[in-house]
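> Residue numbers (the numbering used here): 3 to 247. Let me begin by handing over the structure; questions about it come next.
Shown next as structure tokens:
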């Protein structure tokens with residue numbers, strides 16, 4: 003084995019070890035009754051709860067709150083390929099821990115779809131049929147987790163000056179991205195409403211709370227044209243509190 007391959011092997015092993023340690027900490031906290039919420043999603047699942055968006059992984063993101071950050075994963079790919087096998091396998095373990103399966107589970111994906119690929123596709127005559135499949139994928143994972151309910155989060159409204167990452171360039175005009183957001187929001191509402199009653203699926207729709215009169219995210223609620231800042235996070239946490247009581 004070459005030195006380069008050996009280093010890559012060691013990095014991979016270390017990453018896996020860190021992942022298992024983080025999972026152990028989450029399950030231990032749950033066993034002690036110290037977990038109220040678990041969020042699964044892209045970077046928004048982190049920034050809805052805390053200031054920073056670190057590398058993907060399992061992390062504590064607030065008092066009695068944890069996040070499994072899956073990285074820049076899009077709703078479309080989850081609908082096509084399902085959740086990562088590691089997450090699906092781990093869900094069976096989570097189901098054995100009462101404090102984990104009884105926590106409120108939230109699933110946050112779709113903002114990248116709207117910002118980076120969906121707007122021009124819809125403008126060219128495409129559709130959002132994949133959203134219903136995504137909801138089915140979430141329902142399947144909720145069943146594996148053994149939790150009685152799961153909450154799907156509607157993506158945040160698009161911003162006028164959107165975060166334009168080199169690997170995820172913005173696609174479409176603000177009006178096109180607004181149309182894409184409306185389409186995804188509507189499809190999520192329909193699919194969640196039509197889902198079987200067990201396990202229960204709920205919808206956390208942050209649109210009205212975060213959007214201004216033009217439908218775009220209010221400037222004061224974001225610093226980077228994508229994620230909620232401290233003010234936006236306070237709005238989100240208020241909406242979560244209203245939902246879970």
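Every residue gets a Cβ at the ideal spot worked out from N, C-alpha and C, and that includes glycine.
Tell me which residue opens and which closes the beta strand (DSSP E) that residue 117 is part of.
Neither: residue 117 is in no beta strand (DSSP E) and is coded neither H nor E.
> Excluding sequence positions up to five away, which residues of its chain have a Cβ less than 7 Å from the Cβ of residue 173?
118, 119, 121 and 122
> Using only CA atoms, which one of 212, 163, 86 and 132 lies nearest to residue 239?
The option with the nearest alpha carbon to residue 239 is 212.
> Measure how close the beta-carbons of residue 146 and residue 204 come, nearest whole angstrom, since I'm counting them as under 8 Å.
Not a contact, Cβ separation roughly 18 Å.
> Can you tell me whether residue 44 is buried or exposed, with buried defined as 16 or more other CB within 10 angstroms of its CB?
Counting other Cβ atoms within 10 Å of its Cβ, residue 44 reaches 16 or more and is therefore classed as buried.
> So what's residue 48 in DSSP terms, helix, strand or just coil?
Residue 48 falls in the helix class under three-state DSSP.
> Looking at residue 140 and residue 110, is the spacing between their C-beta atoms short of 7 Å?
no
> In the structure shown, what three-state DSSP assignment does residue 175 receive?
coil
> What are the residues that DSSP puts in a beta bridge with residue 41?
69 and 108
> Closest to residue 198 by CA distance: which of 181, 92, 86 and 152 is it?
152
> Going along the chain, which residues of its own chain have a beta-carbon closer than 7 Å to the beta-carbon of residue 185, five neighbours each way excluded?
124 and 130
> If I measure Cβ to Cβ from residue 78 and keep anything under 6 Å in the same chain, skipping five residues before and after, which residues do I get?
115 and 132
> What are the boundary residues of the alpha helix (DSSP H) that residue 89 is part of?
87-96
> Run through DSSP, which three-state label would residue 186 get?
DSSP places residue 186 in helix when its eight states are reduced to three.
> For the candidate residues 66, 161, 233 and 187, whose alpha-carbon lies nearest to that of residue 206?
187
> Determine the closest residue to residue 82 out of 26, 162, 35 and 137, with distance taken between C-alpha atoms.
137
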